Each structure stands twice: as structure tokens, then as C-alpha cells.
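Written below as C-alpha cells is the structure these notes are about.
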């Protein structure tokens, strides 16, 4: 009888946590694989720490219940590789995005989208980079969403887009629409923590507090705005909005800036009118220089941020600290 495995060194806690964080599930042929189950009781195989040696074909087995692998193509698995499978901020206590979107992620529509994105990445420069495609979902777990801001498509210039609508990397010039967003925050006399215009446009701090900043389309070709429209992202982000609606018992605040954002919510929640009344919808014009002062519900002067906080308090949520610097507020 072979007893070698009995004397294998015990895995350290750091090693186990690293595996859990990467959460990469692949099928292996060695005899020492570890078998485990996911939240639904589906059997999963051994977890690896890195992906550097994985081929595209191997990615099809990553981060999904074995019973569902038949629904994934290599392109789908590759696209989803950076969408976290579990909620890191609160362990496994809440439904994660992968679980909530599972049916759509296994659909022919999403498979076609994945094929398109892979082809585009193989032939031209696409923003944001793969690791940032799902930043909005990874930084704002489903069960922590309190506010939804809907954008259109990512910035198409170098080093700008990183997966949050309206947000850009530190060191990049603050875009015109975001400058107007900051201007509105500064002049809102009910937001007493926002006193001066920030010097950067990195909005991670909002996302970490429960502000889901999701573009309607999550990728774009370099220098070609709207180039990935009508390829399947719209259906995916419709499902994201529906998941928020299904998962929120107390309601969320929708900040809808511009007609496309309002249309997006209407399209996503068509037929659910009796169920969405618990949400608060604040609609204004778009914060772009051309739209911010439109006479029909202008963005500037709307006090949309303080109104959002008032609505959150009524729902029993903590309000958002709209500053972009500083430590996160404690719950």
C-alpha cells in the first residue's frame, strides 16, 4: 500500500488562501488531485495557483461546475476567466455574479459574444485589457449593490478604461464628463464632504461602497467609439440589471444620466413594473459638456448625489461617501 501522500507537507494557510483567491478549477490527470464541491454541490477538480501554463482549451474547465462545462466554449471560458466566482469581500455569504448570471453565461448569445471578443483581441487593440473587463462586477459584489450608474461604452484611448464607467486610471487626464460630475458634487450644498475638484478620475472608492458603475458595452476597439455595440454586451448587461433587481429586497438607487441610460433600464426591466417600485430612479441629462445643462432635467444642479443618499437612508442603507480619496467609511 502506498502511503507517500500521508507524509506530504501540510499546506500552509497562505497557500490555501492563495488557491481560494485565484479559484482556478481545472481537470488534471495526476493521481493526487483534490476533489471538492461548490455551493451547489457540483464536483470540482484540483485548483491551481497560476494560469501561465494553461492553454485556451484548458480554460474551458476553469471556474465552473463540472455539470455545466458542456455549455462553455473555450472562448467563453477565456472571456470569463477574470470574472470572480465568489464574493471576496464577504466570503461565500451572498449570491455571486457568476451564480446570478449562470443561465445567460451558458447561452448561445454569450458564446457568440465571446467568439467576437476573442477574435477582436487577436487582431487589434481592445480596451479595457482582459483583466479589467469585469472590474465593475468584481469590485461591487451583487449582494452589496446600493447604487447603479449606467454608462455607454469604455473610453477608447490608451490607459484610460479599467472597467468602471466614467472612471479612468490615475495619472490620466480627468475626462470632460467626469469633470462635470465632480463639479456637481462640489456645488451640491447637501454634500458637505466634497469641497474641491479631485486631481484624478479613479473611482474605485465608489465601487467599494456599493456603487455599481456598469457600461452597457464592456469592450471597445482602440480609437473607435461604439465599435462593440450590438455584439451581445447589451444582453449581458441587461441580465446584470435584472440580477440586481431580483437580488435586492429593499431596493437600490438608479442614477440614470442621459436618454440611453434611461432606455437601458426600461429595456432590462420590461415586464417587471410591479416589482421595481421599491427602487429609486433619478434621471437627468448626461454630464457631458453638451448635455450637462440641457433644460430638460439638467445634470448640473440636479443634486442627484444628495438625493441618492436620502433615498438610501430611507431604504435602510448606509449613504455613499462620494469622495474619491481617503479610507473607506466603516459600516
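In the numbering used here, the protein residues as written are 319 to 649.
From the three backbone atoms N, C-alpha and C, an ideal C-beta is built for every residue, glycine too.
Quick caveat, the model's predicted, so the values are computed rather than measured.
Counterpart residues of residue i in DSSP-defined beta bridges
i: residue 540; result: According to DSSP, which records beta bridges pairwise, residue 540 is partnered with nothing at all.
i: residue 601; result: 574
i: residue 519; result: DSSP, once it has assigned bridges, lists no residue as partnering residue 519.
i: residue 465; result: 529 and 571
i: residue 445; result: 538
Reference residue i, options the options, closest by Cα
i: residue 433; options: 551, 530 and 544; result: 551
i: residue 461; options: 579, 485 and 570; result: 570
i: residue 443; options: 543, 613 and 566; result: 543
i: residue 519; options: 496, 527 and 420; result: 496
i: residue 541; options: 474, 645 and 441; result: 474
i: residue 392; options: 418, 437, 545 and 612; result: 437
i: residue 646; options: 529, 597, 533 and 561; result: 529
i: residue 482; options: 413, 612 and 456; result: 456
i: residue 480; options: 435, 441 and 531; result: 531
i: residue 596; options: 581, 562 and 612; result: 562
i: residue 500; options: 620, 628, 636 and 648; result: 620
i: residue 390; options: 417, 425 and 413; result: 425
i: residue 567; options: 396, 539, 598 and 549; result: 598
i: residue 676; options: 603, 422 and 423; result: Coverage of the chain is limited to positions 319 through 649, which leaves residue 676 absent and any answer about it impossible.
i: residue 484; options: 396, 521 and 510; result: 521
i: residue 435; options: 612, 560 and 549; result: 549
i: residue 418; options: 612, 560 and 539; result: 560
Whole-Å CB distance - residue i paired with residue j, under 8 Å assumed
i: residue 472; j: residue 446; result: 6 Å
i: residue 547; j: residue 535; result: 6 Å
i: residue 630; j: residue 464; result: 6 Å
i: residue 575; j: residue 607; result: 13 Å between Cβ atoms; not a contact.
i: residue 657; j: residue 415; result: Outside the displayed range of the chain (319 to 649) lies residue 657, so it cannot be described from this structure.
i: residue 498; j: residue 626; result: No, residue 498 and residue 626 are not in contact; Cβ-Cβ is about 16 Å, not under 8 Å.
i: residue 494; j: residue 486; result: Not confirmed; about 12 Å, so no contact.
Proximity of residue i and residue j at Cβ, strictly below 8 Å
i: residue 615; j: residue 601; result: yes
i: residue 451; j: residue 537; result: yes
i: residue 633; j: residue 468; result: no
i: residue 466; j: residue 429; result: no
i: residue 554; j: residue 431; result: yes
i: residue 618; j: residue 508; result: no
i: residue 525; j: residue 458; result: yes
i: residue 523; j: residue 641; result: yes
i: residue 638; j: residue 527; result: yes
i: residue 556; j: residue 579; result: no
i: residue 490; j: residue 533; result: no
i: residue 516; j: residue 643; result: yes
i: residue 413; j: residue 565; result: yes
Cutoff 8 Å: residue i Cβ touching any chain B Cβ
i: residue 560; result: Protein chains in the displayed structure number just one, and chain B is not present.
The ligand SAH heavy atom lying under 7 Å from the CB of residue i
i: residue 538; result: With respect to the ligand SAH, the structure offers nothing, as it holds no ligand at all.
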